[in-house]
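Note that UniProt numbering has the sequence shown beginning at 1, numbered continuously upward. Don't be surprised by glycine CBs; every beta carbon is placed ideally from N, CA and C. On a predicted model such as this, the values are computed, not experimentally measured, just so you know. Worksheet: one structure, shown below.
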Amino acid sequence: MLKISAFPKCWSHDITDGRMELFDWFEKARVLDCEGLEMYSGFIKSFDEGTLAQIRSRAQSYGMELPMMCFSPDFTNPDPAARREQIDRQKRMIYATAALGGRYCRTLSGQRRPNVSVYDGTQMVVECISECFDTARACGVTLVMENHYKDGYWEYSEFAQRMEVYLPIVRQLACDCFGVQYDPSNTVVAGEDPLALLDEVLPYVRTMHASDRYLAPGFTAEDLKGADGVKGYAKILMHGVTGRGMNDYNEIFKRLKSVDFNGWISIEDGMNGLEEMRQSVDFLKAMRREYFGA
Numbered sequence: 001m002l003k004i005s006a007f008p009k010c011w012s013h014d015i016t017d018g019r020m021e022l023f024d025w026f027e028k029a030r031v032l033d034c035e036g037l038e039m040y041s042g043f044i045k046s047f048d049e050g051t052l053a054q055i056r057s058r059a060q061s062y063g064m065e066l067p068m069m070c071f072s073p074d075f076t077n078p079d080p081a082a083r084r085e086q087i088d089r090q091k092r093m094i095y096a097t098a099a100l101g102g103r104y105c106r107t108l109s110g111q112r113r114p115n116v117s118v119y120d121g122t123q124m125v126v127e128c129i130s131e132c133f134d135t136a137r138a139c140g141v142t143l144v145m146e147n148h149y150k151d152g153y154w155e156y157s158e159f160a161q162r163m164e165v166y167l168p169i170v171r172q173l174a175c176d177c178f179g180v181q182y183d184p185s186n187t188v189v190a191g192e193d194p195l196a197l198l199d200e201v202l203p204y205v206r207t208m209h210a211s212d213r214y215l216a217p218g219f220t221a222e223d224l225k226g227a228d229g230v231k232g233y234a235k236i237l238m239h240g241v242t243g244r245g246m247n248d249y250n251e252i253f254k255r256l257k258s259v260d261f262n263g264w265i266s267i268e269d270g271m272n273g274l275e276e277m278r279q280s281v282d283f284l285k286a287m288r289r290e291y292f293g294a
């Protein structure tokens, strides 16, 4: 059955930087009444077995799973040693995902560095992700590559942000332990059609981010181009309650239903507080009832 999880977008930096405890977020999330919570690699301060077991146990005590790990590897660095470090980190996140009881670990391409060609970058990404497949299979974890915009700590935007780069990578890597994490809002940010992308990747979708991120009034997607060399998200981006923005969730759910999607959908909003997150969860539950009858 399709399940719903939540990601604390509004508190992600606070948890990562230690200004908020991870378990405080778990406690807050109880009111959302969702089936799981999406983790982020930066939330975990130690990856020893005891710490991971404690995190898993706390989530279970609230009746929630930890099905997804959000991780941002950077595989387009021209330095082979730097790429090797990123491969090792991706493998560590796969192990951590399994230890937390999860099945899906996010992977990305890397930064769109001006000195890396599309051809060279694609080769780097395919080689690096492929090297993680044996670890993923051994752990029973599926790597899911998101059509991403930009990690909050990166200098440049996602190398594979646009479909013309993203799709060839996905098709080369598609296998039993690799799939897609679909994010319709990121497609909007790329200036492309979210439904057109979904039609292309539908056979590979294993997880989804559900948000309604949109551009602030007076701006267009063209304005994002000036943000490539700035760390963090562009200031012109905004988040809102899922289902009230630019994405056509009826059409998205129709397509998911056509392939009997039974993975996880994680809300990625709540920048204005927990109440917005609750409304987003309620919206997704209503959509699930309408299209999946559950």
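Asked	Found
So what's C177 in DSSP terms, helix, strand or just coil?	coil
If you reduce the DSSP assignment to three classes, tell me which class V31 lands in.	helix
Rounding to the nearest angstrom, what Cα-Cα distance links V180 and L198 in this structure?	10 Å
My output table needs one value for Y156: the three-state DSSP class, helix, strand or coil.	coil
Determine the contact status of I87 and E131, defining contact as a CB-CB distance below 8 Å.	yes
Could you pull the DSSP bridge partners for Y166 from this structure?	The partner list for Y166 (beta bridge, DSSP) is empty, contrary to what the question assumes.
Looking only at C-alpha atoms, which of N272, Y40, G263 sits nearest to R288?	G263
Would the beta-carbon of N147 fall within 8 Å of that of D183?	yes
Three or more C-beta pairs under 8 Å: does that hold for the segment 76 to 83 against the segment 40 to 49?	no
Using the Cβ count rule (16 or more neighbours within 10 Å means buried), how would you classify K254?	exposed
Residue range of the alpha helix (DSSP H) that S5 falls in?	Segment 3 to 6 is the beta strand (DSSP E) holding S5; no alpha helix (DSSP H) there.
Check whether the segment 269 to 282 touches the segment 239 to 252, taking contact to mean three or more Cβ pairs, one atom from each stretch, closer than 8 Å.	yes
In whole angstroms, give me the CA-to-CA distance for P203 and V259.	7 Å
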